[in-house]
Amino acid sequence: MEYIAFVFSIFGLLAYTEISSLKSRITQLERSLTKMEGTTQHIDRKALIKAASEYIGSDVVLDLKEDYQDADIMLYGNTKNGSNIILDADEDWILVETRSKKGTETKLIRTEGLESIAKKNA
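Written out as structure tokens, the structure reads:
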């Protein structure tokens, strides 16, 4: 019985290593697609960069991709009592000030990590 559990744990470890390498390859592919003109990923990234530039100084709700999640932005800044204020934005980075009851923090976020950005309703 212990032998069977050992064999299944080895198969599980092998499956995990395959999935993790595949995930990193997909991330690299997505990153290269955002830089290729004419792809929908490139168009989406340009639209997010333009929106971020227009929202400088505004309180926004940021939705981040799975690999780029930030607890302060998601749990405090996107709530009614907190705020995410865009301080600066360029092609690769967005500088965000996250304000909450616990304090103020300045965060630097990669534009490729943004899923969506929207102005927060007051």
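Every letter in the sequence shown is one number past the one before it in our numbering, and letter 33, counting from 1, is 33. All residues carry an ideal CB built from backbone N, CA and C; glycine is no exception. In this text, all values refer to a predicted model and were calculated from it rather than measured experimentally.
- [ ] Could you check if N121 is buried or exposed, using at least 16 other CB atoms within 10 Å of its CB as the buried criterion?
- [x] Working through the sequence shown from its first residue, we reach residue 121 at position 121. Exposed, by the Cβ-count rule.
Open item on the list: Taking contact to mean 3 or more Cβ pairs, one atom from each stretch, closer than 8 angstroms, check whether the region 82-97 and the region 17-35 are in contact.
Closed with: no
Task: Element boundaries [alpha helix (DSSP H), containing L14] - done: Position 14 of the sequence shown, counting from 1, holds the residue named residue 14. First-last of the alpha helix (DSSP H) with L14: 2-35.
Open item on the list: Using CA atoms only, rank isn't needed, just tell me which of K23, K101, I94 is closest to S116.
Closed with: For this step, residue 116 is matched to residue 116 along the sequence shown. Nearest C-alpha to S116: I94.
TODO: Determine the burial state of V96: buried for a count of at least 16 other Cβ atoms within 10 Å of its Cβ, exposed for fewer.
DONE: Residue numbering aside, residue 96 sits at position 96 when the sequence shown is read from its first letter. Burial call: buried.
Open item on the list: Looking at Y68: is its Cβ nearer than 7 angstroms to the Cβ of G113?
Closed with: On the sequence shown, position 68 is the one that residue 68 refers to. On the sequence shown, position 113 is the one that residue 113 refers to. Yes, Cβ-Cβ distance for Y68 and G113 is below 7 angstroms.
- [ ] Output the boundary residues of the beta strand (DSSP E) element that contains K119.
- [x] As a first step, residue 119 is located in the sequence shown; it is residue number 119 there, counting from the start. Start and end: 114-119.
Task: N-terminal and C-terminal residue of the beta strand (DSSP E) that E105 is part of - done: By one-based count along the sequence shown, residue 105 stands at place 105. Taken as a continuous stretch (DSSP letters only), the beta strand (DSSP E) holding E105 covers 103-110.
Open item on the list: Using CA atoms only, rank isn't needed, just tell me which of Y3, I10, R110, V7 is closest to E66.
Closed with: For this step, residue 66 is matched to residue 66 along the sequence shown. Ranking the options by Cα distance to E66, first place goes to R110.
TODO: Give every residue of the same chain whose Cβ lies closer than 7 angstroms to the Cβ of K119, excluding the five residues on either side of it in the sequence, and list them in chain order.
DONE: In the sequence shown, counting from the first residue as 1, residue 119 sits at position 119. The answer, listed in chain order, is Y55, S58, V60.
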